[in-house]
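What follows is a set of notes on a single structure, which appears directly below.
Number of protein chains: 2
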Amino acid sequence: MGLIVQKFGGTSVGNSERILNVAERVIEEKNRGNDVVVVVSAMGKTTDQLVSLAGEVTSSPSKREMDMLLTTGEQITISLLAMALQHKGYDAISFTGWQAGIETEPVFGNARVLNIERTRLQAELAKGKVVIVAGFQGATADGEIATLGRGGSDTTAVALAAALKADKCDIYTDVTGVFTTDPRYVKGARKLLSISYDEMLELANLGAGVLHPRAVEFAKNYHVPLEVRSSMERESGTIIEEEGKMEQNLVVRGIAFEDKITKVTVLGLSNTLSSLSTIFTTLANNHLNVDIIIQSTTNKNTTDLSFSIHSEDLKDTLQVLADNKESLKYENVQFESDLAKVSIVGSGMVSNPGVAAKMFEVLANESIEVKMVSTSEIKVSTVVEEGNMIRAVDSLHQAFELAGTTVKS
Amino acid sequence: MGLIVQKFGGTSVGNSERILNVAERVIEEKNRGNDVVVVVSAMGKTTDQLVSLAGEVTSSPSKREMDMLLTTGEQITISLLAMALQHKGYDAISFTGWQAGIETEPVFGNARVLNIERTRLQAELAKGKVVIVAGFQGATADGEIATLGRGGSDTTAVALAAALKADKCDIYTDVTGVFTTDPRYVKGARKLLSISYDEMLELANLGAGVLHPRAVEFAKNYHVPLEVRSSMERESGTIIEEEGKMEQNLVVRGIAFEDKITKVTVLGLSNTLSSLSTIFTTLANNHLNVDIIIQSTTNKNTTDLSFSIHSEDLKDTLQVLADNKESLKYENVQFESDLAKVSIVGSGMVSNPGVAAKMFEVLANESIEVKMVSTSEIKVSTVVEEGNMIRAVDSLHQAFELAGTTVKS
Chain W
1 MGLIVQKFGG TSVGNSERIL NVAERVIEEK NRGNDVVVVV SAMGKTTDQL
51 VSLAGEVTSS PSKREMDMLL TTGEQITISL LAMALQHKGY DAISFTGWQA
101 GIETEPVFGN ARVLNIERTR LQAELAKGKV VIVAGFQGAT ADGEIATLGR
151 GGSDTTAVAL AAALKADKCD IYTDVTGVFT TDPRYVKGAR KLLSISYDEM
201 LELANLGAGV LHPRAVEFAK NYHVPLEVRS SMERESGTII EEEGKMEQNL
251 VVRGIAFEDK ITKVTVLGLS NTLSSLSTIF TTLANNHLNV DIIIQSTTNK
301 NTTDLSFSIH SEDLKDTLQV LADNKESLKY ENVQFESDLA KVSIVGSGMV
351 SNPGVAAKMF EVLANESIEV KMVSTSEIKV STVVEEGNMI RAVDSLHQAF
401 ELAGTTVKS
Chain F
1 MGLIVQKFGG TSVGNSERIL NVAERVIEEK NRGNDVVVVV SAMGKTTDQL
51 VSLAGEVTSS PSKREMDMLL TTGEQITISL LAMALQHKGY DAISFTGWQA
101 GIETEPVFGN ARVLNIERTR LQAELAKGKV VIVAGFQGAT ADGEIATLGR
151 GGSDTTAVAL AAALKADKCD IYTDVTGVFT TDPRYVKGAR KLLSISYDEM
201 LELANLGAGV LHPRAVEFAK NYHVPLEVRS SMERESGTII EEEGKMEQNL
251 VVRGIAFEDK ITKVTVLGLS NTLSSLSTIF TTLANNHLNV DIIIQSTTNK
301 NTTDLSFSIH SEDLKDTLQV LADNKESLKY ENVQFESDLA KVSIVGSGMV
351 SNPGVAAKMF EVLANESIEV KMVSTSEIKV STVVEEGNMI RAVDSLHQAF
401 ELAGTTVKS
């Protein structure tokens, strides 16, 4: 007897047949004697369809109204899943984000969860009901509907698991677990039995795509055990927990990659103690995410600063920089698009010097130019041209001996 | 300078192009110097599509989850209309039913509006914004999403007009006004310049389809002037107000008709003082609407009771009667489906004896059997076979001299 939070993504609830399949997975868990909270995303292409509908009306929709529009997607799924469970003879009740007590900060399009008021969900669980919650959404203290941004349904699931002190949070998806790299692009990519929060966090942050980084962070902070597993197959997935079992004591655990990266360079930035703080505070206040940052001082008075962003944020980033040119005190802005980020991740790296050197050597042998570099204790990231991305991943996957047979259990 | 509530139905917001057209109609009103509150329905066939999606999952969806599902339809429209207005340079903000402070009774599928908390809407109007509200929906005091039933968006519009003390409530639809009868079926049907609340109420109740009866009742009770008009044409529509202007002093003002009627007969009902009250209280408690009621006493101890319902409520009605057979004390239940109701309406009727007689004569001449009759001071309703409906309307429209040229203004 415990409490399990299950999360099913858009593909898993893509049509009514799949929703009935999800109901079966919920019932299996319920029949094991567990209380179940289910978090679902919008059905398949619903979000894309809504975005395109907005595009027919305006080229620059306000974020508030986009959130109003997009949150209908998950609301459709929760009601259909509740109906499916009721149809199969199980008591179920659906809740939108605001009904589930998910309070977010007052930001549209990319809000953080501030608090979860558990009373209503706990009351329904106590009645033996399966509780279904719309992912990706919440409401501000003022009663405004806000979304949690990309991958927000993962965050909803983990946040609910933390708030309700769930025993486990299962992330059901269209892959069978976390792989050494994306098996759609690299032959021999291998499923990991387990991985640590920190490694997963680097992989998630680096665009592995299986799990949203904010969700992993939440899970790490609140010690929520996660399992990434398939909504179609019955095999076990990948457990994400405090210390990943060192199955093969690999120095590099996985390789992540992400395209649509743009490098922005601010030239002739006034070289004062506060200039870096000012520029990134300004961007953060406009909810623009900056990833890799490189500074190279050219002379005493000014400095050149480069940073990477998602290409979709380029327009807003340039606008914010232009709007604040006077206060930021710089000469010029340049940018380079069509870039990609390739990263190696592994907690064994910290005790193995020369891992970064080996990475650069592999890329150099492939004649791949490295445009930016960033390192942490457990990862090395490089920015390369988009066209070189898959070749870089492939050669690194071989060089670090990650290939192998998929672990079945 | 005043406050106008505009309501646009599903056809008027059927696609993005029409939503942009609706934005123009809103802007015209705003540019006249008025504050504007806009109530919209779900886009075109959205509600039907959602109902069919539910049908793929279960044959008997719970009403709570249907409300959860269907309310997404209006939420999509409000966000798109807000985007359209913002695109055209007008400040606008959209609200779901619960955000707009529309509190309903705790009933799903057919809830009544209990109260409207105006603060939030008034604050946005004071900022000069166009306020857009999702029709058809509200929330209970417990935060459950509930719909107002068929034609509920009209009710939302009139309830908001009453709560905000609007100067006028314009119901934009796909017809140019209220007609003597449905022009799609009867040639020579004529648009009325004005009509009284009571006449409109009878016409709305009788299935004229232009306006929801609950909305007319609300308008009458709170003295909200209504105008039914076209969302595509610029011509004036039909004003609904305290005393309709007696343009031609017609005895009969209009003819309403409605198909999908079922006559239910309860045989051998125990003839006590409370038996009628018990049976209809039981049906009402199950939110089943009964229309015409006929009682004929056959002997001292028992009575036969007939009433008409919407055919879609037949299954539930038979279930409720069966479930309560013991307490209701009757012998048997019969029913006859595929019936229709045809009614003549006009406030002149009260001072003109013989109107009902003329109606029966017209129907008899057409060899149309009258299955049930019900009268009020301003209407006579008959139930006939569905196949005779249009012929009955046609012959009555001619006999009461309703045909004429459409009034343009």
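From first to last, the protein sequence lines are chains W and F.
Taking full-length UniProt numbering, the leading residue of the first sequence gets 1, the next gets one more, and so forth.
Taking full-length UniProt numbering, the leading residue of the second sequence gets 1, the next gets one more, and so forth.
Even glycine gets a Cβ: it sits at the ideal position worked out from N, Cα and C.
Cβ neighbours of V224(F) within its own chain (closer than 6 Å, five residues either side excluded): V158, A161, A162, C169.
Per DSSP, N205(F) is one residue of the alpha helix (DSSP H) stretching across 197-205. Only those residues of the region 80-92 of chain W whose C-beta falls short of 8 Å from the nearest C-beta of chain F are listed: L80, A82, M83, A84, Q86, H87. Ranked by Cα distance from S306(W), the first of L276(W), S12(W), D316(W) is L276(W). Per the DSSP secondary-structure output, H310(W) pairs in a beta bridge with I261(W).
If you look at I132(W), you'll find it in the beta strand (DSSP E) that goes 130-134. Straight across, the Cα-Cα distance linking V5(W) with V38(W) is about 6 Å. As the crow flies, the alpha-carbon of L328(F) is around 34 Å from that of F218(F). Here I76(W) really is in contact with M43(W); their C-beta atoms are around 6 Å apart, less than 8 Å.
For V107(W), there is no enclosing alpha helix (DSSP H), as DSSP gives it neither H nor E. Of all residues in the region 54-70 of chain W, those with a C-beta nearer than 7 Å to a C-beta of chain F are A54, E56, V57, T58, P61, S62, E65, M68, L69, reading in chain order. Secondary structure of N115(W) (DSSP, three-state): strand. Taking 9 Å as the Cβ-Cβ cut-off, the region 15-36 of chain F approaches chain W at N15, S16, E17, I19, L20, A23, given in chain order. Taking the beta carbon of T176(F) as reference, no residue of chain W falls within 9 Å; the closest one sits roughly 26 Å away.
With a 10 Å radius around the Cβ and a threshold of 16 neighbouring Cβ atoms, Y185(F) comes out exposed. Residue range 389-399 is occupied by the alpha helix (DSSP H) that includes I390(F). The alpha-carbon of R118(F) is positioned some 21 Å away from that of V216(F). For secondary structure counted as the alpha helix (DSSP H) over 4 or more consecutive residues, the region 31-70 of chain F holds these complete runs in sequence order: 46-57. Relative to Y172(W), the option among G237(W), Q122(W), F108(W) whose CA is nearest is G237(W). In this model, I261(W) and E385(W) are separated by some 9 Å (Cα to Cα). With a threshold of 8 Å between beta carbons, Q75(W) makes contact with chain F.
The beta carbon of S395(F) is closer than 6 Å to those of V362, E366 in its chain, skipping five residues each way along the sequence. Under the three-state reduction of DSSP, T375(W) is assigned to strand. For N332(W), the three-state secondary structure derived from DSSP is strand. The beta carbon of V210(W) sits closer than 6 Å to those of V178, V228, all from its chain and outside the five residues before and after it, given in chain order.
Along the region 212-297 of chain W, the beta strand (DSSP E) occurs as fully enclosed runs of 3 or more residues at 226-230, 238-241, 254-270, 293-297, listed in sequence order. Burial state of N332(W) is exposed, judged by a 10 Å Cβ sphere holding fewer than 16 other Cβ atoms. For F8(W), the uninterrupted beta strand (DSSP E) segment begins and ends at 3-8. With at least 16 other beta carbons inside 10 angstroms of its own, N205(W) counts as buried.
With a cutoff of 8 Å on beta-carbon distance, V345(F) and E199(F) are scored as near each other. Going by DSSP, A146(W) is part of the beta strand (DSSP E) stretching over 145-147.
I78(F) reaches chain W at M68, counting residues in chain order whose Cβ is nearer than 8 Å. Under DSSP, D304(W) forms a beta bridge with S296(W). V350(W) counts as exposed, since fewer than 16 other C-beta atoms from the protein chains shown sit within 10 angstroms of its C-beta. Legend: CB atoms of the region 343-356 of chain F lying less than 8 Å from CB atoms of chain W are not found in any residue. Neighbours of G143(W) in chain F, taken as residues whose beta carbon is under 7 Å from its own, are Q99 in chain order.
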